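First residue of the sequence shown? That's 1 in the UniProt record's numbering, and the numbers climb one at a time after it. Even for Gly, the Cβ is constructed at its ideal location relative to N, Cα and C. In this text, all values refer to a predicted model and were calculated from it rather than measured experimentally.
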Amino acid sequence: MQIGDPVTPQIEARARDSFARQGLMTYLGAEIAEVRAGLVTLRLPYRAELTQQHGFFHAGGTSAIADSAGGYAGFTMFPEGSSVLTVEFKINLISPAQGEFLEATGRVIKTGRTLTICQLDVWGVTGDRRKHVAAGMQTLICLHDTPDAPPA
1 MQIGDPVTPQ IEARARDSFA RQGLMTYLGA EIAEVRAGLV TLRLPYRAEL TQQHGFFHAG
61 GTSAIADSAG GYAGFTMFPE GSSVLTVEFK INLISPAQGE FLEATGRVIK TGRTLTICQL
121 DVWGVTGDRR KHVAAGMQTL ICLHDTPDAP PA
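Okay, structure coming up:
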């Protein structure tokens, strides 16, 4: 499977089901726009509650969707019966985050048995205009034989 290839319905359902259990993403109003092999795009619609004092999207929301986009990009490459956690990530805020919505894309650049590295990009989108607002890198860990479900 190559990065960007379509995924099976089972892999897409596994990613979407897991995402639906994320309380923060629900609270923020983020949604999955696309799931492909090693590539996931999330969208976060603008709301005044998500801004900082100048009216731009807050860095916390920008970072959160970047982290989740990368996490789910990696998760699409992980074996059934495993789960994902972020080990670390770094984000550079390169422009004020503004627009009708933010679009975060996580893309796997190196996958391994345990650690996976992702590139993170966030765009501010208004109509046809897209402005790159954040870029980062992330390391994920694959938790083998650890189902992606809440503890019983």
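**Own chain, CB closer than 6 angstroms to I109, minus 5 neighbours either side, in chain order** = The residues are I117, Q119.
**Asked** Which runs of the beta strand (DSSP E) fall wholly inside the stretch 89-141 and span at least 3 residues, in chain order?
**Response** Correct list: 101-111, 115-126.
**Proximity below 9 angstroms, CB of V125 to CB of L102** = In contact: V125 and L102 (Cβ atoms closer than 9 angstroms).
**Message:** Could you compute how far the alpha carbon of A134 sits from the alpha carbon of E31?
**Reply:** In a straight line, the C-alpha of A134 is about 18 angstroms away from that of E31.
**Prompt:** Straight-line CA distance for G136 to I91?
**Reply:** Those two C-alpha atoms are separated by around 4 angstroms.
**Message:** Rounded to the nearest angstrom, what separates L85 and A97 at their Cα positions?
**Reply:** Cα-Cα distance, rounded: 26 angstroms.
**Item:** Spatial neighbours of H54 in its chain, beta-carbon cut-off 8 angstroms, leaving aside the 5 residues before and after
**Value:** So the list reads P96, once near-sequence residues are dropped.
**Asked** Helix, strand or coil: how does DSSP classify R36 here?
**Response** In the structure shown, R36 falls within a strand segment according to DSSP collapsed to helix, strand and coil.
**Prompt:** Which of helix, strand or coil does DSSP assign to P45?
**Reply:** Reduced to three states, the DSSP call for P45 is strand.
**Prompt:** Under the rule that 16 or more other beta-carbon atoms within 10 Å means buried, what is D67, buried or exposed?
**Reply:** Note on D67: 16 or more other CB atoms within 10 angstroms of its CB, so buried under the neighbour-count rule.
**Item:** Strand pairing of V7, partner residues [DSSP]
**Value:** V7 is not bridged to any residue.
**Beta-carbon contacts of V87 that lie in its chain and below 6 angstroms, excluding the five residues immediately before and after** = The residues are T139, I141.
**Asked** Closest by CA to L115, which one among H144, D121, G29, G99?
**Response** Out of H144, D121, G29, G99, H144 has the C-alpha closest to the C-alpha of L115.
**Beta-bridge partners of F57, as assigned by DSSP** = For F57, the pairing in a beta bridge is given by DSSP as T51.
**Message:** Using only CA atoms, which one of V122, E100, H132 lies nearest to R47?
**Reply:** The residue from V122, E100, H132 with its alpha-carbon nearest to that of R47 is E100.
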